[in-house]
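Peer 1: Residue numbers (the numbering used here), protein chains in the order written: chain F, 95 to 271; chain Z, 209 to 637.
Heads up, the beta-carbon is just placed ideally off N, CA and C, and yes, glycines get one too.
Okay, structure coming up:
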């Protein structure tokens, strides 16, 4: 198979960093997305989103696989990286940011699946934050985790593009931390 | 004497957190208290001592769903105090971005938060499996509202483009063209939404409300008007305190607003609609008739239809405003502070949102008062709950609980604005 053919049948992968960069560690997802610009395979789309979570459904409707990066509420270990493959488990509610706007990431993914508008494969990277104050700088441990998450996603995206169309099985196993 | 307690630990599909206590003695509902225990948010105190110029950005944070309502009330009060006329084109843009907020807020509530109550689903996610098209339409409507908010406000949540005297930046006509196409599609979706919600099963329940809303000489009220009621109130917004008062109640950290002469009153879609039906275009009036809603609706459960009608109206109005828009020479008019006081009042999606500020000569905020719609509706919510619970007392506890939650959601309560909201407890003795 030629490289062009391989690329043509590669699966459409979207990477979304989610959060508010003006609220300290909440912006870590966006930071990771920025870090990945120009470093992923051709054809992989990278977006940053700060607004209404329900808008995400429109963003990912036409993709086969999604990698989503968001900050997680503090649970005692700032910078701890949680990798959740939603093919094998649901997104834990206590890992998601609680939203005052009725819908958080877990609900939006569940809604998209109910509407059959969710990518077949969804990987969520949730990075535990520490400080979500206005205009706060990133917590050092979270900044370190952002860089590590970017490296892991580079490998992740490669694996997602190679997943078998028939089975959705991943070709390269990536161990969660 | 037997005592029975029903508890809902988390009242879902409302904006914010709080609790409801329902007391039933000898088969009679003796009290329904909306208990809001969220600590006060101190926005009014936060504003004191700051510059007038900070008002739009600070008050936008009161609510993620209706930030435009707070911004518009704030800038209107500033301009009222400093004697500023922003001109027709700025007024057009303000009404246009407000249409976006109505479309987005109403679509979220109607489809995602309220409709599941009528169709027997625990939430919109479960409902989406059987009513996918309706949910997709609701999401698309919300996206249209978001588009307007993004273009004119800079972003859909906590917009940053509104300022005293106008906007930081105004769009040209070409920038509005794609939104117009989106609004045309949204208008069709709104008509479909009206037809869908009109088929819902509605409880036979009516209340004799005192409706309070703005009324404008020619337009359905959004950004301007006098304060009127169906019990004879007709006052300038500056005279709000003459007819209404805020009261502390022991069971809530949010203030309750009452009519001084008559007690609870209702603001929001039912009030706007009843007091301004004649200001709606014939197309919306016709859609209302087809949906089985007359010029006045006293059934709070049917407020879901009125919200859908207001989405249709907001789409039509936004298209009319885009057609009428000619970019002004400047994005804002100069603001020269002076000592004085100013008032602002606009129609947030949930009802009138009233502002009053006093300024020092350099524009420093000396005092601030903001009365959000949900705190005005709290006494009416409690009155509805007493009546609704009474009407279903012979039903199983789960049915009472469901109907009470549904009644609360009739109001699309934004407890984040008044503070926050949460669990339902029924005490039977």
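Which of the residues in the segment 524–548 of chain Z, read from start to end, lie with their CB under 8 Å from any CB of chain F?
Peer 2: Result list empty, no residue passes.
Peer 1: Determine, for residue 507/Z, whether the minimum Cβ-Cβ distance to residues of chain F falls below 8 Å.
Peer 2: False, the Cβ-Cβ gap to chain F never drops below 8 Å.
Peer 1: Which same chain residues end up closer than 7 Å to residue 693/Z when comparing Cβ atoms and leaving out the 5 residues on each side of it in sequence?
Peer 2: Limits of chain Z in this structure are 209 at one end and 637 at the other, which puts residue 693/Z out of reach.
Peer 1: Starting from residue 336/Z, find everything on chain F with Cβ-Cβ shorter than 8 Å and list it in chain order.
Peer 2: By Cβ distance, chain F contributes 205, 208, 209.
Peer 1: Who are the Cβ neighbours of residue 105/F in its own chain at under 6 Å, not counting the five residues just before and after it?
Peer 2: Once the five neighbours on either side are set aside, the close Cβ partners of residue 105/F are 158, 159, 255.
Peer 1: Using the Cα positions of residue 575/Z and residue 260/Z, report the straight-line distance between them to the nearest angstrom.
Peer 2: Spanning the two alpha carbons is a distance of roughly 11 Å.
Peer 1: Please list, in chain order, all residues of the same chain as residue 553/Z whose beta carbon is under 6 Å from its beta carbon, the five residues on each side excluded.
Peer 2: The residues are 445, 560, 562.
Peer 1: Could you pull the start and end residues of the alpha helix (DSSP H) that residue 454/Z belongs to?
Peer 2: No alpha helix (DSSP H) contains residue 454/Z, which is instead part of the beta strand (DSSP E) from 452–457.
Peer 1: Run through chain Z and tell me which residues come within less than 9 Å of residue 152/F, C-beta to C-beta.
Peer 2: Those are 347, 348, 351, listed as they occur along chain Z.
Peer 1: Using 8 Å as the Cβ pair cut-off and three pairs as the minimum, do the segment 454–462 of chain Z and the segment 416–430 of chain Z touch?
Peer 2: Because the criterion of three Cβ pairs below 8 Å is not met, the segment 454–462 of chain Z and the segment 416–430 of chain Z do not touch.
Peer 1: Check residue 343/Z in the structure and name its three-state DSSP category.
Peer 2: Residue 343/Z falls in the helix class under three-state DSSP.
Peer 1: Could you tell me if residue 325/Z is buried or exposed, where buried requires 16 or more neighbouring beta carbons within 10 angstroms of its beta carbon?
Peer 2: Residue 325/Z should be labelled buried.
Peer 1: So residue 540/Z packs on residue 297/Z, CB below 8 Å; how close in whole Å?
Peer 2: Between residue 297/Z and residue 540/Z the Cβ distance is about 11 Å, and since that is not below 8 Å, they are no contact.
Peer 1: By alpha-carbon positions, which one of 206/F, 136/F, 178/F ends up nearest to residue 151/F?
Peer 2: The shortest Cα separation from residue 151/F among 206/F, 136/F, 178/F belongs to 206/F.
Peer 1: Three-state secondary structure (DSSP) at residue 421/Z?
Peer 2: In this structure, residue 421/Z counts as strand in the three-state DSSP scheme.
Peer 1: Residue 477/Z to residue 523/Z, Cα distance in whole Å?
Peer 2: Each residue's Cα considered, the two are about 16 Å apart.
Peer 1: Enumerate, from N- to C-terminal direction, the unbroken alpha helix (DSSP H) stretches of 4 or more residues contained entirely within the segment 217–257 of chain F.
Peer 2: Complete alpha helix (DSSP H) runs here, min 4: 234–256.
Peer 1: Less than 8 Å between the C-beta atoms of residue 228/Z and residue 612/Z, yes or no?
Peer 2: A contact, by the Cβ cut-off of 8 Å.
Peer 1: Is there contact here, the segment 119–128 of chain F with the segment 226–242 of chain F, by at least three beta-carbon pairs under 8 Å?
Peer 2: Judged by Cβ distances under 8 Å, the segment 119–128 of chain F makes contact with the segment 226–242 of chain F, as three or more pairs qualify.
Peer 1: Residues in the segment 136–160 of chain F with C-beta within 9 Å of chain Z's C-beta atoms, listed in sequence order?
Peer 2: Cβ contacts with chain Z come from 144, 145, 146, 148, 149, 151, 152.
Peer 1: Cβ of residue 270/Z within 8 Å of Cβ of residue 251/Z?
Peer 2: In contact: residue 270/Z and residue 251/Z (Cβ atoms closer than 8 Å).
Peer 1: With a threshold of 8 Å between beta-carbons, can residue 519/Z be considered close to chain F, or not?
Peer 2: For residue 519/Z, the answer is no, since every Cβ of chain F falls outside 8 Å of its Cβ.
Peer 1: Please give me, in chain order, every unbroken run of the alpha helix (DSSP H) with length at least 4 that falls completely inside the segment 471–500 of chain Z.
Peer 2: Whole alpha helix (DSSP H) segments, 4+ residues: 477–484, 490–498.
Peer 1: Please list the terminal residues of the continuous alpha helix (DSSP H) segment that includes residue 279/Z.
Peer 2: It spans 275–290 - the alpha helix (DSSP H) in which residue 279/Z sits, taken as one unbroken run.
Peer 1: Taking DSSP's pairing of strands, which residues face residue 127/F in a bridge?
Peer 2: DSSP output for residue 127/F lists no bridge partner at all.
Peer 1: Closest by CA to residue 500/Z, which one among 409/Z, 278/Z, 397/Z, 396/Z?
Peer 2: When only C-alpha atoms are compared, the closest one is 409/Z.
Peer 1: Under the assumption that residue 284/Z contacts residue 370/Z (Cβ atoms under 8 Å), give the Cβ distance between them as a whole number of angstroms.
Peer 2: Not a contact, Cβ separation roughly 11 Å.
Peer 1: Going along chain Z in order, which residues have a C-beta closer than 9 Å to the C-beta of residue 201/F?
Peer 2: Under the 9 Å cutoff, chain Z gives 331, 332, 333.
Peer 1: Between which two residues does the beta strand (DSSP E) carrying residue 233/Z extend?
Peer 2: From DSSP, the beta strand (DSSP E) with residue 233/Z extends over 227–233.
Peer 1: In the structure shown, what three-state DSSP assignment does residue 395/Z receive?
Peer 2: Here residue 395/Z sits in helix by DSSP.
Peer 1: Determine the DSSP secondary structure at residue 252/Z, reduced to helix, strand or coil.
Peer 2: Reduced to three states, the DSSP call for residue 252/Z is helix.
Peer 1: Rounded to a whole number of angstroms, what is the C-alpha to C-alpha distance between residue 144/F and residue 492/Z?
Peer 2: In a straight line, the C-alpha of residue 144/F is about 35 Å away from that of residue 492/Z.
Peer 1: Name, please, each residue of chain F whose Cβ falls closer than 9 Å to the Cβ of residue 288/Z.
Peer 2: The premise fails here: residue 288/Z is roughly 29 Å from chain F at the closest Cβ pair, so nothing lies under 9 Å.
Peer 1: Three or more beta-carbon pairs under 8 Å between the segment 463–479 of chain Z and the segment 401–417 of chain Z, yes or no?
Peer 2: Yes, they touch.
Peer 1: Measure the CB-CB distance between residue 398/Z and residue 516/Z and report whether it falls below 8 Å.
Peer 2: Taking 8 Å as the Cβ cut-off, residue 398/Z and residue 516/Z qualify as a contacting pair.
Peer 1: Within 8 Å, do at least three Cβ pairs link the segment 585–597 of chain Z to the segment 286–301 of chain Z?
Peer 2: Too few Cβ pairs lie closer than 8 Å, so no.
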